[in-house]
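Colleague: Structure incoming, see below.
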Amino acid sequence: MLTRTRIRELLDSHGLSPSRALGQNFLCDPAMVDKIVRTAGVDSSTSVVEIGPGLGSLTLGLCRAGAKVTAVEVDRYLLPPLREVTAEFLESGQLTIINADVLELDWSSVLASSPAWSVVANLPYNIATPLILDLLADQPALEQWVVMVQREAGERLVADAGSRIYGIPSVLLAFWAEARLAGSVPPDVFLPRPNVDSVLVKVARRPTPVLPGEFDHFARVVRTAFGQRRKMLRRSLSALPTSVFDVAAIDPTARPEQLSLDDWVRLVQAVISLPDELG
Ligand code: SAM
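Taking the numbering used here, the leading residue of the sequence shown gets -6, the next gets one more, and so forth.
Rendered as structure tokens:
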């Protein structure tokens, strides 16, 4: 496992320093790596895609638990130390490293070798939320997730109706999956130490999304309503006939943060049944 001392040695011996732009905060606490691997529940039957393996802290934990791992790292300067750290698993074929930007990856070909995947990652914080939402929408083979993200982003992803931080990411994630917090992560398990707290988020894709085939409609209504978060729905969704609120049994004077997932589903179903929704 990679300790703080080993990570420093690796960086020094390869003449590297962590890139802030790429969100490089390396896990240097073997106990936290164990916790993530246990939370993910991976074993030799699991195919894992790790986004941003860095120097391999988590990669090693996943491989030692027996998982078949595909790790996608954008920073080519990290590849020599990453290959050094994970050599035995690269040689055995248990680990594949892809040097690519996860935002431009040909996911279909990467995921072709297995019908179901787990995502396990200490995500670069600046891309975490949109990446999770885009991959849930576009890659149905990504079924189970354990990701480390900035505390605020994680709390927002799992928030329920009525909470101050319930918003677009909470509702769009819930369209595809159920999510919960799976633990806090203090800054001192990283090198360098970030200025923010982190959390583990566990995400399980639903067998079917809440409105199959209707994500675009759903997202459009949710984004439009939360675009004017403080306004009553009848104002933020003023392009809709007021009859949709009756059909959906939703109070038109409610604000978007008051609507549960079931409420959103009924509202969007009512919108879909209109001949020409949202203008
Ligand atoms: N998994 C390692 C660990 O826990 O120590 C490193 C985590 S670090 C927070 C994020 C990693 O993601 C870095 O290695 C960084 O280079 C990589 N990364 C950043 N943006 C990326 C992108 N667009 N595609 C692939 N990897 C990326």
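Even for Gly, the Cβ is constructed at its ideal location relative to N, Cα and C.
These numbers come from a predicted model, not from an experiment.
So if DSSP puts residue 142 in a beta bridge, which residue, or which two residues, is it bridged to?
Modeller: BP columns for residue 142 point to 192.
Colleague: Report yes or no: do the region 187 to 199 and the region 217 to 231 share at least 3 C-beta pairs separated by less than 8 Å?
Modeller: No, they do not touch.
Colleague: Any idea if residue 152 is buried or exposed, counting beta-carbon neighbours within 10 angstroms, 16 or more meaning buried?
Modeller: Burial call: buried.
Colleague: Could you give the first and the last residue of the continuous alpha helix (DSSP H) run that contains residue 129?
Modeller: Here the alpha helix (DSSP H) through residue 129 covers 121 to 131.
Colleague: So, do the region 129 to 138 and the region 107 to 119 have three or more beta carbon pairs nearer to each other than 8 Å?
Modeller: A contact exists between the region 129 to 138 and the region 107 to 119.
Colleague: If you draw a straight line from the C-alpha of residue 6 to the C-alpha of residue 77, how long is it?
Modeller: When rounded, the distance between both Cα atoms is 12 Å.
Colleague: If you count every other CB in all the chains shown that lies within 10 Å of the CB of residue 69, and 16 or more means buried, which is it?
Modeller: Its Cβ having fewer than 16 others within 10 Å, residue 69 is exposed.
Colleague: For a test of your reading of the model: does the CB of residue 18 fall under 7 Å from any non-hydrogen atom of the ligand SAM? Yes or no.
Modeller: Checking the Cβ of residue 18 against the ligand SAM gives yes.
Colleague: Suppose only complete runs of 3+ residues qualify. What are the beta strand (DSSP E) ranges in the region 5 to 86, listed by chain order?
Modeller: If we require 3 residues or more, the beta strand (DSSP E) runs fully inside the region 5 to 86 come out as 40 to 44 and 61 to 66.
Colleague: Helix, strand or coil for residue 203, going by three-state DSSP, please let me know.
Modeller: Three-state DSSP puts residue 203 in coil, outside helix and strand.
Colleague: Alpha carbon to alpha carbon, what distance is there between residue 165 and residue 261?
Modeller: Taking the straight line from one Cα to the other gives about 13 Å.
Colleague: Just to confirm, are residue 0 and residue 48 a CB contact at a threshold of 8 Å?
Modeller: Closer than 8 Å, so yes.
Colleague: State the Cα-Cα distance for the pair residue 159 and residue 215, rounded to the nearest angstrom.
Modeller: Rounded to whole angstroms, residue 159 to residue 215 spans 12 Å at the Cα level.
Colleague: Could you compute how far the alpha carbon of residue 206 sits from the alpha carbon of residue 118?
Modeller: Each residue's alpha carbon lies about 30 Å from the other.
Colleague: Can you find the residues in the same chain that come closer than 6 Å, C-beta to C-beta, to residue 25, ignoring five residues on each side of it along the sequence?
Modeller: So the list reads 182, once near-sequence residues are dropped.
Colleague: Just to check, is the beta-carbon of residue 188 closer than 7 Å to a non-hydrogen atom of the ligand SAM?
Modeller: Residue 188 Cβ: outside cutoff for every heavy atom of the ligand SAM.
Colleague: Between which two residues does the beta strand (DSSP E) harbouring residue 111 extend?
Modeller: 110 to 115 is the extent of the beta strand (DSSP E) around residue 111.
Colleague: Is it the case that the CB of residue 200 approaches a heavy atom of the ligand SAM more closely than 7 Å?
Modeller: Every heavy atom of the ligand SAM is 7 Å or more from the Cβ of residue 200, so no.
Colleague: Between which two residues does the alpha helix (DSSP H) carrying residue 177 extend?
Modeller: No alpha helix (DSSP H) holds residue 177; the beta strand (DSSP E) holding it covers 170 to 178.
Colleague: Using a Cβ-Cβ cut-off of 6 Å (strictly less than) and excluding sequence neighbours within five positions of residue 266, which residues of its own chain qualify?
Modeller: Excluding sequence neighbours, residue 266 sits near nothing in its chain.
Colleague: Going by DSSP, what residues sit across from residue 183 in a beta bridge?
Modeller: Note: residue 183 sits in a beta bridge opposite 20.
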